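Sequence positions in the sequence shown follow mature numbering (1 follows the signal peptide of the UniProt record, and there is no 0) and run -21 to -1, 1 to 201.
To start, the structure under review is shown below, and the notes come after it.
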Amino acid sequence: MMMNKTILTLLLSLVTLCVHAKEEQEPPPLNPAYYGEHPMVLINQGAGIYALNLPRYQFPNNVQVVYKIETPGVAFLSLVRDAELVTIKPKKFNIERLMRGEELEVKADVYSGHFADGGSQMHENFPIVFSKKLYSRVLTDLTPSSQWQEYDAIPISEDGNMYIHKIQQSPSFNHLIYVDLTSACMQKFRTSKRVPPHSELTLKFVNCGSLKPLFYDTQGLE
């Protein structure tokens, strides 16, 4: 009788552990309000392609996201590497899935240039596979617009980082730069204006190592 009670207790403990493990593995339901159009820029560094969304202050686009995407072939890599600007207009999806770090495939129209400002469509309904989250930040509780700018570092390789500007209250700007590091970079510095020119921001990183400006934009943030 004692043995049966012991076995029953062990079985109940195992069931409880399994239930708790399942609860821990299952994330909470997605917020359906994040479902919508989330246009992005594609950028190249080395043999990789990365997606940077075009954030706005208005929900559901009030998030900064940087993702590595699977390279779908040499021709596509060449398009992103050689074009001055490549943007994508994905079909509607829930960007909270990227904020969580999920791997996700989304069909998108691909443009050489800006999709909303004279860009040429290169692909229609092209599969974009978001494979690895590198950065996510929700634009809430923003600091007031200031000449003091702050950046977050995104490690890409052993010696290389992307640096992304932490968008402030309006007016502000979206900026991403890659640095092949030879020395430490300042991640907070003062600029001549609250929204400085791209060239001034590049100079702020010139002593860190070899630079590759990736993207600069003020649209929707001024």
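We put the beta carbon where it would ideally sit given N, CA and C, even for glycine.
Please read all numbers here as calculations on a predicted model, not as lab measurements.
From what residue to what residue does the alpha helix (DSSP H) around phenylalanine 194 run?
Taken as a continuous stretch (DSSP letters only), phenylalanine 194 belongs to no alpha helix (DSSP H), being part of the beta strand (DSSP E) at 188 to 196.
Let me know the alpha helix (DSSP H) ranges lying completely inside the segment 23 to 91, each 4 residues or longer, listed in chain order.
53 to 61 and 75 to 78
Nearest-angstrom Cα separation, counted from glutamate 81 out to alanine 62
28 Å
Check whether the segment 5 to 24 touches the segment 108 to 117, taking contact to mean three or more Cβ pairs, one atom from each stretch, closer than 8 Å.
no
In the DSSP assignment, what residue or residues form a beta bridge with arginine 169?
Trp127
Look up serine 178 in the DSSP assignment and say whether it is helix, strand or coil.
helix
Output the boundary residues of the beta strand (DSSP E) element that contains proline 106.
99 to 117
Relative to the alpha-carbon of serine 136, which residue among Gly25, Gln198 and Pro7 has its alpha-carbon at the smallest distance?
Gly25
Taking the DSSP output, what are the residues bridged to glycine 139?
Asp159
For the candidate residues Asn153, Val45 and Ser149, whose alpha-carbon lies nearest to that of serine 125?
Ser149
What's the call for methionine 141, buried or exposed, on a 16-neighbour Cβ count within 10 Å?
buried
DSSP on alanine 12, reduced to helix/strand/coil?
helix
Do the segment 144 to 162 and the segment 187 to 195 touch if we need at least three Cβ pairs shorter than 8 Å?
yes
Around the C-beta of valine 42, are 16 or more other C-beta atoms found within 10 angstroms, so that it is buried, or is it exposed?
buried
Contact check, glycine 188 vs leucine 160 under 8 Å by CB: the rounded distance?
5 Å
How about the segment 67 to 86 and the segment 103 to 112: do they share at least three Cβ pairs that are nearer than 8 Å?
yes
Where glycine 52 and proline 69 are concerned, what is the direct C-alpha to C-alpha distance, given to the nearest angstrom?
19 Å
Could you name the residues of the same chain whose beta carbon sits closer than 7 Å to that of cysteine 164, not counting the 5 residues immediately before and after it, in chain order?
Tyr142, Val158, Phe184 and Cys187
Tell me which same chain residues have a C-beta within less than 6 Å of the C-beta of proline 6, skipping the five on either side of it?
none
Please work out which residues of its chain come closer than 6 Å, Cβ to Cβ, to histidine 177, disregarding the five sequence neighbours upstream and downstream, and give them in chain order.
Tyr195
When you compare only the Cα positions, how much space is there between proline 123 and lysine 71?
31 Å
Would you kindly work out how many angstroms separate the C-alpha atoms of phenylalanine 55 and glutamate 103, rounded to a whole number?
13 Å
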